[in-house]
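**Student:**
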Amino acid sequence: MIGLIVSEVILYAVAALIGFAIGWRAYVMLAAQRREADIRETEQLRAALTEAQVRRARVS
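Using the working numbering, the first residue of the sequence shown is number 249, and each one after it goes up by one.
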């Protein structure tokens, strides 16, 4: 009886670890995609700002 309870506890612990590992991997992958999108957006904004500054300097 005790062996059955221990085996169930081990089973649930392993299932929890597997679930945590899958969730962590998904989080890391999504975080990398968000980071790349943020970098891309920052570069686009910098380019737009530089272009606007050049246009403003030409007009002045």
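In this text, a Cβ means the ideal position worked out from N, Cα and C, and glycines have one as well.
1) Helix, strand or coil for M249? Go by DSSP, reduced to three states.
2) What is the DSSP secondary structure of V308, reduced to helix, strand or coil?
3) Between Y260 and I253, what straight-line distance do the alpha-carbon atoms span, to the nearest angstrom?
**Tutor:** If we stick to the structure as given:
1) coil
2) Per the sequence presented here, residue 308 reads as Ser, with Val not at that position. Here S308 sits in coil by DSSP.
3) 11 Å
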